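So the structure is just underneath, and the comments pick up after that.
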Amino acid sequence: MERTLVLIKPDGVCKALVGKVLQEIEGQGFKIVALKMIRLEEKKAKEFYHPHKGKHFFPGLIKFMLAAPSIALVVEGKGVVKKIRKIIGERIPEEAAPETIRGQYASDGRRNIIHGSDSPISAEREIECLFHPEEIYSYKKKDWLESEPG
Ligand code: ATP
Ligand code: MG
Numbered sequence: 708m709e710r711t712l713v714l715i716k717p718d719g720v721c722k723a724l725v726g727k728v729l730q731e732i733e734g735q736g737f738k739i740v741a742l743k744m745i746r747l748e749e750k751k752a753k754e755f756y757h758p759h760k761g762k763h764f765f766p767g768l769i770k771f772m773l774a775a776p777s778i779a780l781v782v783e784g785k786g787v788v789k790k791i792r793k794i795i796g797e798r799i800p801e802e803a804a805p806e807t808i809r810g811q812y813a814s815d816g817r818r819n820i821i822h823g824s825d826s827p828i829s830a831e832r833e834i835e836c837l838f839h840p841e842e843i844y845s846y847k848k849k850d851w852l853e854s855e856p857g
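In the numbering used here, the protein residues as written are 708 to 857.
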């Protein structure tokens, strides 16, 4: 099953938007298979954003990512990479559709609440960067409801 890496960035955590983002993801029918709060340190943040190394915004991006904890998630579902990107919206809030997460909550082109992998290959690299394999769970949705007696 396709997987994507979602990161509720430090501004999303500090603005108390964790619940709203999770509700959005679960509400769309996706399955959360891993979730944790992490405080990125410089080495990890640079590894995670390695594809942007050398770009003018890279130092500011790294500083921002270290400023407070993030929430990291692995989300599973058919076509999840593209669908999550759609829910997230464009990087710059003015360009993001109003119903998207960034359209509603982003402050600017850096402080934009949330990250979602841009391809299944990126997702694989990013998941490996932030999670140990044993932190990712396999389960069936609704299993509990259907199998619990009484
Ligand atoms: P993300 O990868 O976080 O989902 P994105 O794919 O929409 O966002 P990228 O171009 O991959 O955007 O840039 C990664 C992140 O780097 C952006 O989300 C933003 O936080 C920051 N960033 C990118 N471009 C700029 C910029 N020109 N100025 C400030 N920050 C930027
Ligand atoms: Mg990106």
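Using N, Cα and C, we set each Cβ at its ideal position, and we do this for glycine too.
Keep in mind that this is a model prediction, so the values were computed, not measured.
Which same chain residues end up closer than 7 angstroms to residue i when comparing Cβ atoms and leaving out the 5 residues on each side of it in sequence?
i	result
E754	C836
G816	R798, I799
Is it true that the CB of residue j sits closer than 9 angstroms to the CB of residue i?
i	j	result
A779	L712	yes
A775	D718	yes
K722	Y812	yes
M772	L747	yes
Helix, strand or coil: how does DSSP classify residue i here?
i	result
S829	helix
I739	strand
G761	coil
R746	coil
From which residue to which residue does the alpha helix (DSSP H) around residue i run?
i	result
M772	765–773
E783	Looking at the DSSP string, E783 is not in any alpha helix (DSSP H); the run it does join, the beta strand (DSSP E), is 777–783.
L729	725–734
G719	717–721
Q808	The identity of residue 808 in the sequence shown is Ile, whereas the question assumes Gln. Note, I808: alpha helix (DSSP H), 808–812.
I794	787–795
Report the rounded CA-to-CA distance for residue i versus residue j, giving the unit in angstroms.
i	j	result
G726	I808	12 angstroms
L768	R818	9 angstroms
K762	V782	28 angstroms
G734	K789	16 angstroms
G786	G736	12 angstroms
Within the same chain, show all residues whose beta-carbon is closer than 6 angstroms to that of residue i, passing over the 5 residues directly before and after it, in chain order.
i	result
Y844	V740
M744	P776, I778
H759	F765
Once the 5 residues before and after residue i are set aside, which same chain residues still bring their CB inside 8 angstroms of it?
i	result
D825	V788, R792
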